[in-house]
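Undergrad: Residue numbers (my numbering), protein chains in the order written: chain D, 289 to 1058; chain X, 289 to 1058.
Could you have a look at this structure, given as structure tokens, before my questions?
The structure is reproduced here in structure tokens:
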């Protein structure tokens, strides 16, 4: 059971061994380099212990796809207290809590536990993954017995962990140095990345440093020491454990041999141990303050819960994002579990990128550089499918991996077989999403350097793909047949509105930029022309772009999701709309059947309205909302936040707020203990930020222009947030009927549309609703 | 806590979640084709769930050695009773017992369990691995609630298991047929063996067959159904689960494609399900009676415990031995765990083979054919090391794997590194052990066909190795330097007595057989001459064999174990002699240091006295016993039984009996809960049989002759056993001072030495001690 009463802290108030994944994933620690799932120190049945390092993808076998491997576990510490194993499912406990402090990134668990022998102990467990020293994990265990106690700690490094049974590592060297520093050096089996994982232990009894009796044990794929200490009643025994992880893929280890890396890592470990837990934790808390809370302040004058959830979103977006390395991107479950294998989806561009664009444009640029660096894979995919240009993979991992979507997943309840996943083959809108992300980044940041080096080429190369993908129809128009749109309950559809409108947008934008470059940057144009063949392509694009078939609103103003959706049969969906867990319909129908029903997994035309809002009149949005939302099961975590923002956009912030509150529950619902077992829903945290800042706060980049037109729900009296617009930091204070904008940089005038009126101001703007 | 009061059954009388491995390994089920570690249906932390199939070796990575892979788990069944997970560590229980019935091979667990909700249930779990249908596993779970109960069974096939983290399988196909038959088809990653693993479920409520509500779930590497039933108070709900395993390495599947094997396996599964648990269990019990208890009756008029332990030894020897396939041999942990990776050691020839030679010569022949079929690996090893002939691997797996001893194992407490294992490089006595096994088999069975096809060649080829391995010394003699003898606490020693005496024996035997074949079987001789170059080799052998250096008893009649042992320093070993667990000295000294101390891991010259007993006078044996035994830590499970037999041989059966009783505890000691965690000690079961039948029963093949000279301990009034001597079944009844031998076959006269006198008899012999 999670408690949300503190605006900075989430607290598990009673230990539930049947819902371990809930806390492991949601309370995950990390820093963009590594992610550490918050399994407890002592083991429990059903736990998942994950230590993931960004970008270290490995493929177990040709029949599987590459994934982020689960590195060795360093967090397991087994305590034996006068012969009883510390185990919360045995004996009794009081004063239990486990708290994630978002402000500091510190995870604390405290409990007073009485063993089956009737002996009582007070225990405190603290853990931090440093946001300053990206390779460092620090832990502290404090035990205060109420009677004289012999305490045994068993602790080490355990490389027996897998990804659901797939083992990505050879064992490598296992070694103790000076009987006290543990070092484990496994290597990934296919991608050939050597990991160096170290650990060290430090003890005090009653505040005095001690060197307890210990042994050393090297076993297959694991190594540990067993430390034995005696504590008198009331005396506190403290173990500080330090661990670090380095890999040969690290940019900061470039050029080091494995032996040098081992030595380097060991030196850093000794430094960490010398610093001690308190110093490391304080340093990391300072980094959280500086990098996140001071940099991206969001203040809600409303329910503490909402404030907490927005911070929780920021917390996870920070820890899941490998901002240190442009060869890496964000995984769909962040670093909090093995789900989606660490792969990057359109989630980055559509759901997460806006937060970074408006708040940390350096991070956003790194994420967009990743797409540029992945072009070889996109070219290969297009070529493999007989198309031109860049066809981005639906799921993306290491730069040259190309398409990594698994081919099968889940259970077909009719055939009894695993379900074929078509996304990797035909969910092609990702290519337009990438182009849209580039444009969005450029429009908001004005980062011309990025565009010149990467951005124009990306948009043009994507357009090249779309032009080759269009198929002439008997109607004389060009179609995009046999796709999966955003709504993945519809497979093999033709002319999905989202896909076609975005494809057209992409080609239009390419034509526009090509003309502009030819006129304004002839050298760059010449280089891109040579690379992409623009001169030949442009007339073709110009001709084709006019002929792209686009679904049009029907007589009821409903925009058809694709060429057949509105003709499919309707069924009573009330059972699934009321479901406690997502995916219930898959237990009654298989994908073939669902494809033939008017039911959606997630937002589809809604996302289109949101990205290209000025293409559609409000009545089409309203009618489409009323048509599709009742048919949408929100079986994807990408759905609720889009609906919320759209609801706010169309003037119903109370509906938007109710959707926002539902979106808050995707991972944290106490009634749904297993929803985060495979990891948190990364994109939904970008979604929460969008609900608040886009939806209620009214921020949007529209057609290259800034708009701030708040739609505040009644529960929020005031919302303050900051944003960077083309290098200038703006501070926004929104209420139901006023907006104050302060240009904290003040280097140049800013033009902004507020509630339908355009303003240009230097330092401050106050606008009121009519 | 194990109870041994029933002469046919071992019973765990209270459930100990901290000692799961004890029962998992000792209560292991199997049939020589497959071995199933007896983990409970419901999972517990710290369990090891192993399903091993003989001969299916796979190598995870080049840095590891090949091993028997852990195939998917089919035994996990999770029960939820009115919302409470069935878990013996929660709530309370009474009437608990888990019993392995050796007579029938049936494993039964019964308990009356009260959940934390206060609801009470009586549960019975039964399990059998069929000794008749080698691919079949059958289980039955019966639940009788004391209140109306909603019962959920979650059961399927789980391929996420590993060998200590090393995953040997690709996932392969995962499929439900007709929503009720589960099929999982993984493949080993290196050796390319496809496994087909099936499961099916059948239910009754109150004796009536039902088809409960269920779902089907295919997840990564695992698949399961969740069945929900309602039971009224007092009504019994029964689940019968059937599973089978086939592989493309099976001889009985030879020629089948994977698709055909899948279909074949599914048909067999349906047959098993139709037969039902009772039929399968009864069939298997009949097979145990026929194949083991009727075929190898051993009756002890003495403590029931001793009777039980001898049966336990027979039970494990039966289940661990892949008698169905001569391409396979016995693993050092049988099928009961992952220890020693399923590899075959000298344990087969020296410790286990005698049981099969004297009782199941067909099985013994298969084991010895394995050695012949492994010759290519032995040739490769000799060649790699610069020697001639056949150098058998210290550890052996699949026929062409050659040497598979891991290079590193354990912890060097001084260097903090893993310990280099020298056995694979220099523990060379295995080659003589193999030759000795061949000779032993021939002498006892008279199987001339085996000798003509395989046996002579093996002995000659081994002799060829030895002749090339001898090194001339400055003393004009030939030495065997830099070896590990049977006592593995001594590395890099010269002229280990066991090795040198056996090498000489091997060359002598080769010379003898070569001469005999040339005279009596010129065609066979010519063929072997062409293959091995005998004509050239024989004169060299004849010259060399006379010059082999052999340690000689010193002035105190102690035979030196090697060239330096007796000169090493002595330390006070009392701490280690009194140790509760083996290997304690390794916590204080590292291997380099131990090599320089007069301390032995296990029997060394004792094994020599036992194999070549007529070479050494009784006073040398006595003096050597008194010298070495106090310096022997019995840190190998091969040690106690040899000492016991030797003690009986030298006329101290009470000492032999005390050693036998200690040997009985190797796996079953209640005070040592983790001694079987990695699996039972396979050779020790051959050892227990030898203590009884060789040691107390006085059976021995000596110099090709039969000897039956009992040395009965006081605790045993009478011992009855049978044996096959050159095709004739003899029934022996021994007491302290009489022997009755009945020739049940009675086809020819039998010559036997009893207590120093030679007798020849047709049907019956009664002899009395002087």
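Don't be surprised by glycine CBs; every beta carbon is placed ideally from N, CA and C.
This structure is a prediction, so every number in the text was calculated from the model and none was measured.
Any beta carbon of chain D sitting closer than 8 Å to that of residue 503 of chain X?
TA: Interface residue, yes.
Undergrad: Pull up the CB-CB distance for residue 690 of chain X and residue 668 of chain X, whole angstroms please, since I reckon it's below 8 Å.
TA: At roughly 5 Å, the Cβ-Cβ gap stays under 8 Å, so residue 690 of chain X and residue 668 of chain X are in contact.
Undergrad: As a quick exercise: from X/604, X/466, X/548 and X/614, pick the residue whose alpha carbon is nearest that of residue 539 of chain X.
TA: Closest by alpha carbon: X/614.
Undergrad: Taking 8 Å as the threshold (beta carbon to beta carbon), is residue 452 of chain D in contact with chain X?
TA: Yes, residue 452 of chain D lies at the interface with chain X (some Cβ there is under 8 Å from its Cβ).
Undergrad: Figure out for me which residue from D/701, D/502, D/1047 and D/548 has the closest Cα to the Cα of residue 995 of chain D.
TA: Among D/701, D/502, D/1047 and D/548, the Cα nearest to that of residue 995 of chain D belongs to D/1047.
Undergrad: Report yes or no: is there a C-beta of chain D within less than 8 Å of the C-beta of residue 424 of chain X?
TA: Not an interface residue.
Undergrad: Considering only residues of the region 691 to 715 of chain X, which uninterrupted beta strand (DSSP E) runs meet the minimum length of 3 residues and lie entirely inside it, listed in chain order?
TA: DSSP runs (the beta strand (DSSP E)) wholly in the region 691 to 715 of chain X: 696 to 699 and 706 to 708.
Undergrad: By alpha-carbon positions, which one of X/839, X/746, X/512 and X/805 ends up nearest to residue 502 of chain X?
TA: The shortest C-alpha separation from residue 502 of chain X is found at X/512.
Undergrad: Under the rule that 16 or more other beta-carbon atoms within 10 Å means buried, what is residue 459 of chain X, buried or exposed?
TA: By the 10 Å Cβ count, residue 459 of chain X comes out buried.
Undergrad: Among residues of its own chain, excluding the 5 on either side of residue 1041 of chain X, which ones have a beta-carbon nearer than 6 Å to its beta-carbon?
TA: So the qualifying residues of the chain are 995.
Undergrad: So, under 8 Å CB-CB, residue 572 of chain X and residue 395 of chain X are touching, yes? Tell me the CB distance rounded to an integer number of Å.
TA: Incorrect: roughly 11 Å between the Cβ atoms, too far for contact.
Undergrad: Which residues share a DSSP beta bridge with residue 1134 of chain X?
TA: This structure gives no information on residue 1134 of chain X, because the portion of chain X shown stretches from 289 to 1058.
Undergrad: Alpha carbons only, please: which of D/789, D/338 and D/489 is nearest the one belonging to residue 622 of chain D?
TA: The candidate whose alpha carbon is nearest that of residue 622 of chain D is D/338.
Undergrad: On the DSSP letters alone, give me the boundaries of the alpha helix (DSSP H) that residue 280 of chain D sits inside.
TA: In the structure as shown, chain D begins at 289 and stops at 1058. Residue 280 of chain D is therefore absent and cannot be evaluated.
Undergrad: Going by DSSP in three states, residue 372 of chain X sits in which element: helix, strand or coil?
TA: In the structure shown, residue 372 of chain X sits in a strand (DSSP, three-state: E or B).
Undergrad: Determine, using beta-carbon pairs with one atom in the region 680 to 700 of chain X and one in the region 360 to 372 of chain X, whether at least three such pairs fall under 8 Å.
TA: No, because fewer than three Cβ pairs between the region 680 to 700 of chain X and the region 360 to 372 of chain X fall closer than 8 Å, the two stretches do not touch.
Undergrad: Residues of chain X with CB closer than 8 Å to the CB of residue 333 of chain D, please, in chain order.
TA: Near residue 333 of chain D (Cβ distances below 8 Å), the residues of chain X are 331, 332 and 333.
Undergrad: Count Cβ pairs between the region 741 to 748 of chain D and the region 807 to 821 of chain D that sit closer than 8 Å; are there 3 or more?
TA: Output reads yes: the region 807 to 821 of chain D touches the region 741 to 748 of chain D.
Undergrad: If you measure from the beta carbon of residue 705 of chain D to each beta carbon in chain X, is any gap under 8 Å?
TA: Yes, residue 705 of chain D counts as interfacial toward chain X.
Undergrad: Quick check on the DSSP output: the alpha helix (DSSP H) that includes residue 448 of chain X runs from which residue to which?
TA: No alpha helix (DSSP H) holds residue 448 of chain X; DSSP gives it neither H nor E.
Undergrad: Rounded to whole angstroms, what's the CA-CA distance from residue 705 of chain D to residue 504 of chain X? Just pull it up for me.
TA: Computed Cα separation, rounded: 10 Å.
Undergrad: Does any residue of chain D have a CB that is nearer than 8 Å to the CB of residue 464 of chain X?
TA: With 8 Å as the cut-off, residue 464 of chain X counts as an interface residue toward chain D.
Undergrad: Please specify which runs of the beta strand (DSSP E), each continuous and at least 3 residues long, are wholly inside the region 486 to 543 of chain X, giving them in chain order.
TA: Listed in chain order, they are 496 to 498, 501 to 507, 510 to 519 and 525 to 535.
Undergrad: To which residues of the same chain is residue 878 of chain X closer than 8 Å at the C-beta, ignoring the five residues directly before and after it?
TA: Correct list, in chain order: 700, 701, 702, 703 and 707.
Undergrad: Cβ atoms of residue 568 of chain D and residue 666 of chain D: under 8 Å apart, would you say?
TA: Cβ atoms of residue 666 of chain D and residue 568 of chain D: not closer than 8 Å.
Undergrad: Can you pull the chain D neighbours of residue 1068 of chain X, defined as C-beta to C-beta under 7 Å?
TA: Given that chain X is displayed from residue 289 to residue 1058, the structure contains no residue 1068 of chain X and the question cannot be resolved.
Undergrad: Is the Cβ-Cβ distance between residue 849 of chain D and residue 887 of chain D less than 8 Å?
TA: In this structure, residue 887 of chain D does not lie closer than 8 Å to residue 849 of chain D by Cβ.
Undergrad: Within 8 Å (strictly less), CB to CB, does residue 863 of chain X reach chain D?
TA: For residue 863 of chain X, the answer is no, since every Cβ of chain D falls outside 8 Å of its Cβ.
Undergrad: So with Cβ pairs under 8 Å, would you call residue 708 of chain D a contact of chain X?
TA: Residue 708 of chain D does not count as touching chain X.
Undergrad: Using a Cβ-Cβ distance under 8 Å, would residue 377 of chain X count as near chain D?
TA: Residue 377 of chain X counts as touching chain D.
Undergrad: Taking any Cβ of chain X, which residues in the region 956 to 967 of chain D have a Cβ under 7 Å from it, in chain order?
TA: Taking 7 Å as the Cβ-Cβ cut-off against chain X, none of the residues of the region 956 to 967 of chain D qualify.
Undergrad: Anything in the region 774 to 807 of chain D with a Cβ closer than 7 Å to a Cβ of chain X? List those residues in chain order, please.
TA: Within the region 774 to 807 of chain D, no residue qualifies.
Undergrad: Three or more C-beta pairs under 8 Å: does that hold for the region 778 to 795 of chain X against the region 893 to 905 of chain X?
TA: Contact holds: three or more Cβ-Cβ distances are below 8 Å.
Undergrad: Going by C-alpha distance, which of X/694, X/355, X/475 and X/486 is nearest residue 352 of chain D?
TA: With distances taken between Cα atoms, residue 352 of chain D lies closest to X/475.
Undergrad: From residue 528 of chain D to residue 492 of chain D, what does the alpha carbon distance come to, in whole angstroms?
TA: Computed Cα separation, rounded: 9 Å.
Undergrad: What is the DSSP secondary structure of residue 984 of chain D, reduced to helix, strand or coil?
TA: Here residue 984 of chain D sits in helix by DSSP.
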